[in-house]
Structure formats: C-alpha cells, structure tokens
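Note sheet for the following structure.
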Amino acid sequence: MSATAETSSAPSAAVITEPLPDLQLQLLIQLLDEDPRSSLPLTLTHPGGILHGDVIGHEQWKAEWARSLRQVEGEGADLLAEFPETVDQGVRELRAEEEDGAGAARLPRWIHLRDVTLVTGSRTPVSLTLWRGRLSDVSGWALGRPQ
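Residue numbering for the sequence shown follows numbering that gives the first Met the number 0, starting at 0 and increasing by one per position.
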C-alpha cells in the first residue's frame with residue numbers, strides 16, 4: 000500500500016468552525032462583570048442590525064431580569080424571574096463535574112445590554128429594556144452611542 004493510500008483511508012478529525020468572539024470585547028465584559036454596578040455605552044453591529052445601549056455584567060442582567068418580571072402579574076412570573084439564576088446553578092454544577100476541581104476561568108460568551116435600541120434596515124428602531132446576545136455574533140463594536 001502506498002503512503003498516499005494510507006493517509007487517505009485514515010479517519011479525518013471533524014473540524015468545527017464557529018465565529019470567534021473579539022478577545023478585547025470579551026475582556027471588557029469580564030471587567031464589567033467584576034463590578035455589578037458598572038456599565039458602559041456601546042454600539043454593536045450584529046446580524047440583526049445595529050444595537051446600542053449600556054453593556055452590563057451578567058449578574059446585573061440577572062438582577063434586572065428578575066426585577067422586571069416581578070412587576071408582571073401571573074402564576075409563571077416568579078418562576079421566570081428566577082430562571083437565569085436556575086440556569087447558572089446548573090451550569091456551575093456541570094462545570095464542576097467537567098473540571099473536577101480545576102476551576103479554570105472562562106471568558107464570557109454572552110453580552111448583556113440595558114436600555115437598548117435596535118436599528119434594522121429601514122424599519123423604525125426598536126427599544127428594549129434588556130438584551131442578551133452571543134458574543135460570537137457581534138461583528139463590530141464602538142464605545143458610545145450614535146448621535
């Protein structure tokens with residue numbers, strides 16, 4: 000058997016291609032996560048359009064999510080108010096099992112904004128109280144909001 004035949008019959012490793020988040024943006028979000036009261040005005044380009052608002056840390060987003068749902072009446076509102084914390088607890092438990100005590104710090108994969116405006120094409124801008132998006136979907140960003 001020739002060397003060419005041997006290499007072509009060898010199983011190939013699967014390659015997963017996924018957009019990588021901007022490292023500087025990840026580190027900026029990680030810094031904001033250290034102080035739950037901090038925020039920073041930011042404009043993002045995203046597949047859905049342009050977003051601008053105040054970037055906040057994950058803990059602050061969870062607190063504001065819960066606060067906004069506690070103002071809603073209905074049987075499921077309290078359950079939904081606790082949803083982000085319930086998910087975080089599950090993730091912590093899975094990571095503890097996977098890492099087996101290694102405790103490796105991970106860079107953020109999500110970005111959270113408050114007081115958001117979403118601009119898409121020729122449509123009227125949409126205002127949102129809170130927004131959460133995948134960092135790998137952010138294709139560009141700038142400090143501040145458009146004037």
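Where is the CB? At the ideal position from N, CA and C, for every residue including glycine.
Given R122 as reference, the closest of G48, W130, H111, A65 once Cα atoms are compared: G48
Is the CB of R113 under 9 Å away from at least one CB in chain C? Note that chain C does not occur in the displayed structure, where there is just one protein chain.
So, is G120 buried or exposed, given that buried needs 16 or more other C-beta atoms within 10 angstroms? exposed
Since G139 and W109 are thought to touch, with beta carbons under 8 Å apart, how far apart are those beta carbons, to the nearest angstrom? About 17 Å separates the two Cβ atoms, so there is no contact after all.
Strand pairing of H57, partner residues [DSSP]: According to DSSP, which records beta bridges pairwise, H57 is partnered with nothing at all.
Determine the extent of the alpha helix (DSSP H) in which D32 is found, giving its start and end residues. 22-33
N-terminal and C-terminal residue of the beta strand (DSSP E) that V115 is part of: 109-118
Does the Cβ of G52 have 16 or more other Cβ atoms within 10 Å, making it buried, or fewer, making it exposed? buried
Just to confirm, are T42 and L142 a CB contact at a threshold of 9 Å? yes
By how many angstroms is the C-alpha of H111 removed from the C-alpha of A13? 32 Å
If you follow the beta strand (DSSP E) that A141 is in, where does it begin and where does it stop? 139-142
Determine the closest residue to D32 out of V54, P40, E63, D114, with distance taken between C-alpha atoms. V54
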